[in-house]
Amino acid sequence: MKIFGSPFRYIQGPGAIAHLGDILAPLGERYFLIFDEVVKEIIGNRIADSLHQAGKNCHIGLFGGECCKSEILKLKQQAQKEPPEVIIGAGGGKTADTAKVLSIELELPVVIVPTIASNDAPTSHFAVVYNENHVYDHMEIMKLSPWYVVVDTEILVKAPKRFFVAGIGDAIATKFEAEANANSGANNYFEGQVSQAALALADQSWQIIKEKAFESLQAIDTGIVNQAFEDVVEATILLSGLGFENGGLAAAHSISSGFTFLDQTRGTMHGEMVAFGLLVQFMLEERPKQFLNEMFSFYQKVGLPVTLAELGIKPSISEKLVPAMETICGPASEIHNMPFEIHTEMVARAILKADLMGEALKG
Ligand SMILES: [Zn+2]
């Protein structure tokens, strides 16, 4: 059976948060808004003001920075003092995840307002929970997707370039992982088969990125939104978000998950590891040389990593990868969504092959 899921509304444009009060009007009267100190600096009271102007009640909970049990409990207690009807999470991935978990625990709809475009998680119905030491703990799954995702491109264009490039890395993988899933017949994240819609969205995400990534990066340089930036933000957040949940993940993300277990990758972003993981997936798929050349050179132009060293993994010898291999090739890994059988040795070889090609190109 095919299943396709998505948020009720996706809204994107310059200055979108100024309209949040009107946009969210149908959802309820009482809102609990969470953001961290950094986001507080950037958007201050703009969201709360917009809600107040629309006659809504809004309380703020300051997010401490980690989506972990103690933080969730603290915010839950704050929220319950004046029970809200809607949770809003404004910020990066961890703020969004915390808002999602709060919405699960309080059985309320959630609104996600991303302030960076570093990955395609805002539209998803997943939240990753860490322990107090910032180590992955478990995944929480919402019954439904976020109700509204509101993306203010004027805020995103001011975020550091590296975040945006990482978001491009996360999104490039979506098409190729969805296709692998469709070919193997694996389920998507709604426990259904991959639909034509999912493949079309994932493909469109890549087409837009291929065509407009460089121009969109100019917007970051100037701090002024251009059409390419609008389109690439839509590709990395909406198209890739719907593409991955409805299309499923495969080798690229499993490589990224495994690499998070290596101490050396602490400073590396999800999208950067996924991007390199995709190069490994291409090696596993034995893609033709010309295709590989094109992809590697696209990565270099955009500023995505093509070597293990760029992810912090040095020297790039197979022993360094041992702690990651168990996760990458374990029974629960998405790598088994690839349409052929996977062995640990072939994956280790593919990782080193991708690295070797990257090193050779860098000269
Ligand atoms: Zn991802």
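To convert, count from 1 in the sequence shown and add 36; that's the working numbering.
The C-beta atom is built at its ideal place from N, Cα and C for all residues, glycine as well.
A direct Cα-to-Cα measurement between alanine 135 and glutamate 215 gives close to 31 Å. Classified as buried, glutamine 317 has 16 or more neighbouring CB atoms from the shown chains inside 10 Å of its CB.
Collapsing the DSSP output to three states places arginine 198 in a helix. For leucine 98, the enclosing beta strand (DSSP E) stretches over residues 93 to 98. Beta-bridge partners of phenylalanine 162 (DSSP): Ile177.
Relative to ligand 1, the beta carbon of histidine 289 is positioned inside 7 Å of a heavy atom. Ligand 1 never approaches histidine 161 closely enough for any of its heavy atoms to be under 7 Å from the residue's Cβ. For isoleucine 260, the number of other beta carbons within 10 angstroms of its own is below 16, and it is reported as exposed. Per DSSP, the continuous alpha helix (DSSP H) segment holding aspartate 257 begins and ends at 232 to 258. Shortest gap from the CB of histidine 306 to any heavy atom of ligand 1: under 7 Å.
For lysine 350, the three-state secondary structure derived from DSSP is coil. DSSP places leucine 69 inside the beta strand (DSSP E), whose first and last residues are 66 to 71. With contacts defined as CB atoms closer than 8 Å, glutamine 48 and valine 187 qualify as a contacting pair.
One thing to note: serine 354 has its Cβ no nearer than 8 Å to the Cβ of leucine 298. Between serine 139 and isoleucine 152, the C-beta gap is not smaller than 8 Å, which leaves the two residues out of contact. The Cβ atoms of alanine 249 and valine 338 lie closer than 8 Å to each other. Beyond the five residues adjoining it in sequence on each side, alanine 271 comes within less than 7 Å, by CB distance, of Ala207, Ser241, Ile244 and Ile245 in the same chain, given in chain order. A straight line joining the alpha-carbon of proline 43 with that of threonine 159 spans about 6 Å.
DSSP places alanine 126 inside the beta strand (DSSP E), whose first and last residues are 122 to 127. For asparagine 155, the Cβ falls inside the 7 Å cut-off from some heavy atom of ligand 1.
For valine 269, the number of other beta carbons within 10 angstroms of its own is at least 16, and it is reported as buried. Contact between the region 178 to 187 and the region 313 to 327 is absent: fewer than 3 CB-CB pairs across the two stretches fall below 8 Å. Looking from the CA of threonine 258, the closest CA among Lys112, Ser293 and Lys194 belongs to Lys194. Separation of phenylalanine 40 and alanine 84 (C-alpha to C-alpha, rounded to the nearest whole angstrom) is 33 Å.
Within the model, the alpha-carbon separation for alanine 126 versus glutamine 254 is close to 25 Å. A straight-line Cα-Cα distance of about 27 Å links isoleucine 378 and alanine 236. The Cβ-Cβ distance between alanine 360 and proline 341 does not fall below 8 Å.
With a threshold of 7 Å, the Cβ atom of valine 164 does not count as near ligand 1, since no heavy atom of the ligand is closer than that. Short note on valine 171: C-beta not closer than 7 Å to any heavy atom of ligand 1.
Apart from the 5 residues on each side of it in sequence, arginine 45 sits with its Cβ closer than 6 Å to the Cβ of Tyr184 in its chain, given in chain order. Bridge partners of valine 186 according to DSSP: Ile47. When the Cα atoms are used, lysine 38 and alanine 396 turn out to be separated by approximately 43 Å.
Sixteen is the threshold: since fewer than 16 other Cβ atoms of the shown chains lie within 10 Å of the Cβ of glutamate 227, the residue is exposed. Assigned with DSSP and collapsed to three states, tyrosine 225 falls in coil, not helix or strand. Remark: C-beta atoms of methionine 309 and phenylalanine 332 do not approach each other more closely than 8 Å.
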